[in-house]
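Numbering (this note's numbering), first residue to last: 43 to 167.
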């Protein structure tokens, strides 16, 4: 059985600012694409690997939000990425917190006003 989520989109109002933020905190280059009526910056995606692909998106009908769906980025160690949030222009909302046998989570607000999170799997996963 496949995981049900195949794609996510994080709304932004300032693509350059948001792209720089996510590239800084995740230490990954995003692929900027201009489609005329909307602009996307795609996160690296490897179809043969677990997890979902996704993008930042700037379009008239997309508004950043602190409410609603919450995207979790998988990271090897939250303590390595969480300190990058505030210097990059974001805000830490919840520090690294244990979720028992499922690992750890931490929540932050990005430069656009979206609430986003990190998930660190338990050791050995």
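Think of the CB as a built atom: it goes at the ideal place given N, C-alpha and C, for glycine as much as any other residue.
Could you pull the start and end residues of the beta strand (DSSP E) that residue 68 belongs to?
Where residue 68 is concerned, there is no enclosing beta strand (DSSP E), although the alpha helix (DSSP H) it sits in stretches over 57-68.
Quick check on residue 124: does DSSP put it in helix, strand or coil?
Helix.
On a CA-only basis, which of 91, 54, 68, 81 is nearest residue 121? Give me that one, please.
Minimum Cα distance to residue 121 is reached at 68.
Using a Cβ-Cβ cut-off of 7 Å (strictly less than) and excluding sequence neighbours within five positions of residue 65, which residues of its own chain qualify?
Hits under 7 Å: 71, 72.
Quick check: what's the CA-CA separation for residue 56 versus residue 82?
Cα-Cα distance, rounded: 11 Å.
What's the gap between the Cα of residue 109 and the Cα of residue 74?
So the alpha carbons of these two residues sit roughly 26 Å apart.
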